[in-house]
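First to last, the sequence lines map onto chains A and B. Sequential numbering of the first sequence, starting at 1, is according to the UniProt record's numbering. Sequential numbering of the second sequence, starting at 1, is according to the UniProt record's numbering. As structure tokens, the structure follows; a few thoughts come after it.
2 protein chains.
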Amino acid sequence: MRTTDLRIIKTKQALHDALLTLLSQKPLEQISIAEICREAKVNRGTFYLHYEQKEGLFEEYFQEIMEDLYQSYEEPYRAVTTLDTNQLDPNTIRIFHHIERFKMFYRIVFSKNVPLTYYYMLFDGIYSLLKRDITTQHIHQMEDHISIDYYSAYQANAIIGLIIQWYRGDFSDSVTMLNQQLAAILKNVRSGG
Amino acid sequence: MRTTDLRIIKTKQALHDALLTLLSQKPLEQISIAEICREAKVNRGTFYLHYEQKEGLFEEYFQEIMEDLYQSYEEPYRAVTTLDTNQLDPNTIRIFHHIERFKMFYRIVFSKNVPLTYYYMLFDGIYSLLKRDITTQHIHQMEDHISIDYYSAYQANAIIGLIIQWYRGDFSDSVTMLNQQLAAILKNVRSGG
DNA sequence: TTACTTATTGAACATCTGTTCATTAAAATC
DNA sequence: GATTTTAATGAACAGATGTTCAATAAGTAA
Chain A
1 MRTTDLRIIK TKQALHDALL TLLSQKPLEQ ISIAEICREA KVNRGTFYLH YEQKEGLFEE
61 YFQEIMEDLY QSYEEPYRAV TTLDTNQLDP NTIRIFHHIE RFKMFYRIVF SKNVPLTYYY
121 MLFDGIYSLL KRDITTQHIH QMEDHISIDY YSAYQANAII GLIIQWYRGD FSDSVTMLNQ
181 QLAAILKNVR SGG
Chain B
1 MRTTDLRIIK TKQALHDALL TLLSQKPLEQ ISIAEICREA KVNRGTFYLH YEQKEGLFEE
61 YFQEIMEDLY QSYEEPYRAV TTLDTNQLDP NTIRIFHHIE RFKMFYRIVF SKNVPLTYYY
121 MLFDGIYSLL KRDITTQHIH QMEDHISIDY YSAYQANAII GLIIQWYRGD FSDSVTMLNQ
181 QLAAILKNVR SGG
């Protein structure tokens with residue numbers, strides 16, 4: 001099972017393409033492994049040679065999306081003119097642009113019949129970004145008995161809470177609105193709301 | 001399909017018992033509907049008369065657990081002696097006792113192959129409790145452009161973030177530790193960490 | 001080009017899913 | 001207690017899952 005073998009690359013590509021085609025027609029939970037294999041013209045046994053479930057195939061896309069999240073986070077923040085963001089890390093706030101860009105994708109991630117795995121992948125992504133910043137920037141200001149891990153989990157999931165609320169309104173609120181909400185919440189909480 | 005019909009009550013009870021028996025042996029995702037029906041001595045067609053998936057059966061338990069969560073939240077807070085909790089709503093902090101009490105159950109809820117539905121049921125439970133308090137207690141102190149819905153989602157999911165971190169350490173930290181972490185985080189953030 | 005390695009295939013298998021339908025039997029209603 | 005209503009049953013169905021295996025073909029390496 002060397003990943004450089006052309007046969008493996010071709011098979012995986014065919015399965016990728018088939019999944020994308022089917023996802024444009026119906027949600028993931030209505031797509032069967034057998035269907036993906038028929039579409040990809042790949043033997044069903046071959047599928048199980050590479051993945052355990054269709055979710056495994058989906059996760060390979062997730063990795064690419066997470067790459068964009070990391071880049072969104074690293075990217076220098078531009079055009080802050082309309083926001084009162086002086087109190088918070090501007091990078092954090094780029095996350096909503098990323099979600100907006102892939103909202104088709106996140107509609108799947110947050111749909112209720114999908115396994116929790118995807119949620120954890122998003123959580124882990126935001127968690128590790130926040131943890132890095134919290135460790136380097138805020139540790140010296142924090143109460144010494146706060147666990148960095150718990151604190152990062154708290155902050156990361158709080159942001160996902162906003163995204164869940166956003167998703168439930170079918171992402172109809174603007175990115176600007178989300179940015180304002182996060183800014184206001186952080187400001188409010190700091191001043192003792 | 002009147003829910004008072006004795007036949008329905010008996011059938012559901014048999015399915016409930018069967019699920020509990022099987023859950024003590026293996027995780028939900030490894031239990032098939034056919035298996036539950038064999039164990040319950042109920043025809044498989046009858047199962048589909050009452051539920052669409054095994055998850056629907058599981059959700060009926062969830063409702064009972066949520067009842068306990070609501071009671072935990074309402075219950076007057078006792079034995080605060082060791083905690084520095086003067087800054088936060090003591091009710092909030094009762095949530096960790098509830099999770100601890102049903103940790104066997106929450107190990108399922110947070111396992112990665114389970115559908116997101118359960119997460120949302122927990123989220124909605126905490127969300128509505130927090131929202132009620134936020135609406136009645138804090139609205140007058142808050143920045144007026146903060147959406148109560150977003151703010152509640154933020155706070156509810158932040159708490160679940162702590163629970164996820166706790167779960168990932170297999171709930172080995174004590175309830176007291178969790179209470180201290182939440183207290184410290186809220187205190188820290190208020191004083192501008 | 002040849003020889004070696006290994007991914008893919010097709011077929012088969014037991015089991016599960018989701019649904020339908022006539023039949024049976026248990027509960028509700030009179 | 002007799003009658004009506006309806007939940008539960010068993011059988012059957014097409015399709016899906018997850019696995020195994022020998023045969024084949026596609027790729028790699030000499």
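For glycine and all other residues, C-beta sits at the position ideal for the given N, C-alpha and C. In this text, all values refer to a predicted model and were calculated from it rather than measured experimentally.
- In this structure, Ser72 of chain B places its C-beta atom within 9 angstroms of the C-beta atom of Ile95 of chain B.
- Contact between Pro115 of chain A and Pro27 of chain B fails: their C-beta atoms lie close to 12 angstroms from each other, not under 8 angstroms.
- From the beta-carbon of Lys131 of chain A, no residue of chain B is found nearer than 8 angstroms; the closest lies around 11 angstroms away.
- Residue ranges of uninterrupted alpha helix (DSSP H) with 4 or more members, entirely inside the segment 36-64 of chain B and ordered along the chain, are 44-50.
- Tyr61 of chain A is positioned such that its CB atom lies no closer than 9 angstroms to that of Phe123 of chain A.
- Distance between Glu29 of chain A and Asn113 of chain A, taken at the CA atoms: about 7 angstroms.
- Taking 9 angstroms as the threshold, the shortest C-beta distance from Thr117 of chain A to chain B falls below it.
- Neighbours of Val114 of chain A in chain B, taken as residues whose beta carbon is under 9 angstroms from its own, are Pro115, Leu116 in chain order.
- Thr21 of chain B: member of the alpha helix (DSSP H) spanning 6-23, first to last residue.
- For a Cβ distance threshold of 7 angstroms, residue set Tyr150, Ala153, Tyr154 of chain A lies close to Leu162 of chain B, ordered along the chain.
- Across the structure, Gln13 of chain B and Glu67 of chain A are spaced so that their CA atoms are roughly 48 angstroms apart.
- Secondary-structure assignment with DSSP links Pro115 of chain B through a beta bridge to A:Pro115.
- For Gly125 of chain A, the secondary structure class from DSSP, reduced to helix, strand or coil, is helix.
- For His145 of chain B, the C-beta contacts it makes with chain A under 8 angstroms involve Gln180, Ala184, in order along the chain.
- The DSSP-derived three-state label of Met66 of chain B is helix.
- Between Gln30 of chain A and chain B, the shortest Cβ-Cβ separation is not below 9 angstroms.
- Annotation: His16 of chain A to Arg101 of chain A spans about 20 angstroms, alpha carbon to alpha carbon.
- Under a 10 Å Cβ-count criterion, Gly169 of chain A is classified as exposed, with fewer than 16 other Cβ atoms of the shown protein chains found around its own Cβ.
- According to the DSSP assignment, Leu162 of chain B belongs to the alpha helix (DSSP H) that extends over 148-168.
- Phe171 of chain B carries a coil assignment under DSSP once its states are collapsed to helix, strand and coil.
- By the neighbour-count criterion, in which 16 or more other beta carbons inside 10 Å mark a residue as buried, Ile163 of chain A falls on the buried side.
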